[in-house]
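These notes are about the structure you will find just below.
Here's what the structure looks like:
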């Protein structure tokens, strides 16, 4: 029966009645089968990715590629089959490189669906049956116990010490104690009457009624968010796309104008078509896709060595342009491992060093390591935490893990740090319950250990242990005040007591021992990484599903102090100004995380989002770059992300930003260096048509320049070292174009030099009796050697860097020597002469070419000096 109230807001009996279930016998098998047929399986829909053929064909989806394909077709129609094959070869080679390097298809939905593929214990006609979770239907009665993955959204009917780890879904760092009592309207993380699909039972048992399956679960809601979240183009992808469109339009207009001018001047139409093809091929930067891909791929390789696996190549550069990092708390800034950090025992305060479950560290008092023999009450407090405990600490895969409740695991670790590994064998247990509100264990030596909330343990004690273990009056106010001070630091506090008895039928008089305070600690280098990001002009914002007090405390520890907004605050006021001024967002739902990322993007920011849980997947996909944790991250988070950190270390993000900035700098250097060749080639051809002279360079010779000189000299830019001050400058403005005005001025200057030098020298050579082949060979070498000297100009875009550039990047010298060798072969070998129409040159011709190249270098350095002075 339809109702306006969610299941957790209504009595369990009403929910059972409305869904036609049975709280003890469950559904009849026939009824369950009918519902399964009607409602469908308890699975999440999986989107089909593009096949390999489609992905390969999409590599040709570029305006520049369209022009090249058209040029190949025209060349083939003109009978220049070799030229057409070479042009097509260039296009196909670029497509293959792009296809091989393209990231895998999005698999977030598949990963989310995998979380629901499990088995479940359902009660059908009073019989417990283990069935595939996919066969569950609404109204099914399901039983849970420790270690189970919750198979669907359940309205809990009965619980027995049930605790559920919901961190992957909500970001809550501590398992949530569940209770079937109905609740008022509360956020997802506070719905203790529910157990949600995909979460993990850490303790206790329960029975619950299935109220939602498949896409209707909370997990399914996240699935829909991921499914409806479009993959965001990276800033580099957007800028290169825009750049390609502008270049394409300019090339087509220039080619058309050139053709019309030639026809009007009475030139042969076939010759003009050849000229138009040469212009198009020359003006298109064919080497750009290859060098961009190589530069990004080398950046990926460097990042792998620094603990980051990049799944999408453009993500490398995107990191360099990041202006805001939105980071999850649990498992990202923190270790997702509860850790005891302080102990109060016998009236003394102790500090526990070391973080996480690894038993590395110790106990200190006043900055000095303690000897347990001199601190007997401390020893008893730690032994109580160890004995009154169901968790186990194990070493696995080179790290330490706990089985059981994370809070109890923290107590085992604190005892291990003090060298305590065992207590007398346990003979009886009273588990924690919402009625008792404590846990008690009896051991073979007659000792009773008790732990629980501070106020409850104080009620059970009639005295305390003094500094030396002697009995003293219990100062309840002092203990409560100390616990409250720990709480003010967002620490979770447990109290410990002991007594002696033969049985646990009734608790004996208890002696209060002390307190242990714990939290999910920040990662060791998180604070420094946040400071480095701030120094680089990058805002860092924490977005978590955890409690506001906990989030604020962790934020303060890692340098994210300031205002805190909760999900409720966001619902009331999500203005861009308030979001901009807030550094910590707590109790935030997955949908609100997504809205926060979109709000920041709408303000022009480039967003990097980090996370490890299912609840982070939609925001990870929406962000300009999603960063998932490799060790503790869920499959859904990893498959939605562009980058995965192998060490789950926030510091890796800071290092990746540095690497991304270096990649972008190198790409800009390459583009500033490569474009004059394309513009210059186009201008030379246009000038020849306007002047009515023979073509100074043929289409095949243009391709030779673009695929040899441009690639050979362009590769050193891919391995250029990063500027040592790269993380002390602010991030570039996302609104700025790829090329600044100063860069454009430099590109136009070199293009003009290439036009004047090559066209003028070609005209001079022809007027002195040189053959067309010799003149064309001179033009090719003017471009090649001028690009060689211009490479040294572009090793630094703002200062001279000649021999220093060779010293810091040996590949500069290698490329220079390789180009000279290639051009010698082009000029003097008969095979090259036959294929490309080149011809040998004398020493005087080389001297004239060298003068133009040297003059270009000096003019560009002069311009850089003027621009630097401004």
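Residue numbers (the working numbering): 2 to 871.
Just so it is clear, CB atoms sit at the ideal spot from N, CA and C, and this is done for glycine as well.
query	result
Completely contained alpha helix (DSSP H) runs for the stretch 539 to 609, where each covers 4 or more residues	549 to 558, 568 to 573, 577 to 582 and 591 to 603
Ordered list of beta strand (DSSP E) runs contained in the stretch 659 to 732, each at least 3 residues	none
Whether residue 208 touches residue 194 by CB criterion (8 Å)	no
Option in 604, 331, 185 and 136 with minimal Cα separation from residue 168	331
Same chain, Cβ closer than 6 Å to residue 263, five either side skipped, listed in chain order	273 and 690
Contact set for residue 840: own chain, Cβ-Cβ below 7 Å, skip 5 residues either direction	772, 774, 775, 778 and 834
Own chain partners of residue 21 with C-beta closer than 7 Å, once the 5 adjacent residues on each side are dropped	140
Min CB distance residue 830 to chain C below 8 Å	Absent here is chain C; the protein component of the structure consists of one chain.
Helix, strand or coil at residue 868 according to DSSP, with G and I counted as helix	helix
C-beta atoms of residue 383 and residue 415 nearer than 8 Å	yes
Contact the stretch 505 to 520 vs the stretch 528 to 543: 3+ CB pairs below 8 Å	no
For residue 497, the first and last residue of its enclosing alpha helix (DSSP H)	Residue 497 -> not in any alpha helix (DSSP H); beta strand (DSSP E) instead, spanning 493 to 501.
N-terminal and C-terminal residue of the beta strand (DSSP E) that residue 833 is part of	Unbroken run through residue 833 is the alpha helix (DSSP H), 831 to 837; no beta strand (DSSP E).
For residue 125, the three-state DSSP class (helix, strand or coil)	strand
Beta-bridge partners of residue 396, as assigned by DSSP	401
Residue burial classification, residue 152 (beta-carbon count within 10 angstroms, cutoff 16)	buried
Collapsed DSSP secondary structure at residue 490 in the structure displayed	coil
Proximity of residue 310 and residue 652 at Cβ, strictly below 8 Å	no
Euclidean distance between Cα positions of residue 216 and residue 148	24 Å
Beta-ladder partner(s) of residue 444, from DSSP	427
When 550, 603, 599 and 589 are compared against residue 616, the one with the closest alpha-carbon	589
Backbone CA spacing between residue 128 and residue 202 [nearest angstrom]	22 Å
Local conformation of residue 131 per DSSP, three classes	strand
Burial state of residue 824, where buried means 16 or more other Cβ atoms lie within 10 Å	buried
Where residue 665 falls, given that 16 or more other Cβ within 10 Å makes a residue buried	buried
Cβ neighbour criterion (16 or more within 10 Å) applied to residue 857	buried
Enclosing beta strand (DSSP E) for residue 344 [first to last residue]	340 to 346
Coarse secondary structure for residue 453, derived from DSSP in three states	strand
Simplified DSSP assignment, three categories, for residue 786	helix
Cβ pair residue 609, residue 624 closer than 8 Å	yes
Identity of the residues DSSP links to residue 472 by a beta bridge	466
Backbone CA spacing between residue 275 and residue 602 [nearest angstrom]	47 Å
Rounded straight-line distance, which links the Cα of residue 339 to that of residue 725	38 Å
Backbone secondary structure at residue 179 - three-state DSSP	coil
Through-space distance from residue 791 to residue 259, alpha-carbon basis	28 Å
For residue 212, the nearest candidate out of 654, 357 and 18 (CA to CA)	18
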